[in-house]
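Using our numbering, the first residue of the sequence shown is number 1, and each one after it goes up by one. Taking it in order: structure first as structure tokens, then the write-up.
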Amino acid sequence: MELFYRIHRRLLRRLVGQLQGLSAGEMMVLWKVNKRGFCRVTDLAQEICISPSTLTGILDRLVERGLLERFPDPDDRRVILLKGTPRLKGFIEEVAEAIEKELIKIFGAMPVADYQRLLVDLELLLKYLEQEKGDGYGKAGDKDGRGHIHP
1 MELFYRIHRR LLRRLVGQLQ GLSAGEMMVL WKVNKRGFCR VTDLAQEICI
51 SPSTLTGILD RLVERGLLER FPDPDDRRVI LLKGTPRLKG FIEEVAEAIE
101 KELIKIFGAM PVADYQRLLV DLELLLKYLE QEKGDGYGKA GDKDGRGHIH
151 P
């Protein structure tokens with residue numbers, strides 16, 4: 001897990017100009033809301049494993065920047081819903097394009113054999129993530145066909 005965290009952190013550092021000063025937590029919120037279209041604040045807090053009070057601070061900043069809107073649920077006024085603004089869509093498109101350009105640059109600097117091996121490994125990871133049996137992550141102790149045993 002540490003490896004994924006380090007890769008994510010270094011990629012974000014390379015993209016700091018495109019992120020307009022947003023934190024990794026703020027970016028996670030924006031990606032989730034953009035993907036869903038709209039969501040309940042409490043559901044989002046649970047999904048990204050942060051307290052509702054921490055999420056409130058993040059949302060205040062993102063609403064102030066014009067990237068998100070909060071509104072009451074028409075069926076239950078105690079529930080607050082979130083949705084992205086048109087500005088969010090444009091921002092996400094810019095960041096996704098910047099990420100793609102940065103990855104192309106990184107992959108272009110890799111030897112072809114390393115790049116091809118990475119693609120095979122990423123496809124294997126995706127296969128395990130997409131499995132619908134059990135918890136969706138493969139079975140503990142499974143061999144991956146290359147002699148590696150997964151915890």
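Ideal placement from N, C-alpha and C gives every residue a C-beta, glycine not left out.
- Item | Backbone CA spacing between V79 and E2 [nearest angstrom] | What you label residue 79 is simply residue 79 of the sequence shown in a count that begins at 1. What you label residue 2 is simply residue 2 of the sequence shown in a count that begins at 1. Each residue's Cα considered, the two are about 36 Å apart.
- Query: With burial defined as no fewer than 16 other Cβ atoms inside 10 Å of the residue's Cβ, what is the status of A109: buried or exposed?
  - Reply: Residue numbering aside, residue 109 sits at position 109 when the sequence shown is read from its first letter. When all chains shown are included, A109 counts as exposed.
- My understanding is that K35 touches E47, with C-beta atoms under 8 Å, so please give their C-beta distance in whole angstroms. In the sequence shown, the residue the question calls residue 35 occupies position 35. In the sequence shown, the residue the question calls residue 47 occupies position 47. Wrong, their Cβ atoms sit about 11 Å apart, outside the cutoff.
- Who pairs with L15 in a beta bridge, going by DSSP? Within the sequence shown, the letter at position 15 stands for residue 15. Partner(s): none; L15 has no beta bridge.
- I50, DSSP secondary structure in three states: Within the sequence shown, residue 50 is the residue found at index 50, counting from 1. The three-state reading of DSSP puts I50 in coil, since its state is none of H, G, I, E or B.
- Query: What is the DSSP secondary structure of G84, counted as helix, strand or coil?
  - Reply: Reading the sequence shown from its first residue, position 84 is the one you call residue 84. It is a strand residue.
- Task: Compute the Euclidean distance between the alpha carbons of I7 and L81, then round it to the nearest angstrom.
- Result: By 1-based counting over the sequence shown, the position of residue 7 is 7. By 1-based counting over the sequence shown, the position of residue 81 is 81. C-alpha of I7 to C-alpha of L81: approximately 32 Å in a straight line.
- Enclosing alpha helix (DSSP H) for L124 [first to last residue]: Residue mapping note: residue 124 aligns to position 124 of the sequence shown, counting from 1. L124 -> alpha helix (DSSP H) spans 112 to 130.
- Residue interval of the beta strand (DSSP E) (run including R40): In the sequence shown, counting from the first residue as 1, residue 40 sits at position 40. Start and end: 38 to 40.
- Item | Own chain, CB closer than 8 Å to R14, minus 5 neighbours either side, in chain order | Stepping through the sequence shown from its first residue, residue 14 is reached at position 14. Closer than 8 Å at Cβ, skipping near neighbours: E102.
- Message: Can you tell me whether L68 is helix, strand or coil according to DSSP?
- Response: For the purposes of this step, residue 68 is taken as the residue at position 68 of the sequence shown. L68: strand per DSSP, three-state reduction.
- Write down the C-beta distance between K83 and E69 rounded to the nearest angstrom, noting that I regard them as a contact closer than 8 Å. Here residue 83 refers to the residue found at position 83 of the sequence shown. Here residue 69 refers to the residue found at position 69 of the sequence shown. So it is a contact: roughly 5 Å between Cβ atoms.
- Message: Here's the rule: buried if 16 or more other CB atoms are within 10 angstroms of the residue's CB, otherwise exposed. What is L44?
- Response: Numbered from 1 along the sequence shown, position 44 holds the residue referred to as residue 44. The residue is buried, with at least 16 neighbouring Cβ atoms inside 10 Å.
- Query: DSSP three-state call for D76: helix, strand or coil?
  - Reply: Against the sequence shown, residue 76 aligns to sequence position 76. In this structure, D76 counts as strand in the three-state DSSP scheme.
- Query: Going by alpha carbons, who is nearest to R61 out of R40, F38, Q20, V120?
  - Reply: Counted from its first residue, the sequence shown places residue 61 at position 61. For R61, the closest C-alpha among the options R40, F38, Q20, V120 is that of Q20.
- In three-state terms, what does DSSP make of M1? The sequence position of residue 1 within the sequence shown is 1, counting from 1. Reduced to three states, the DSSP call for M1 is coil.
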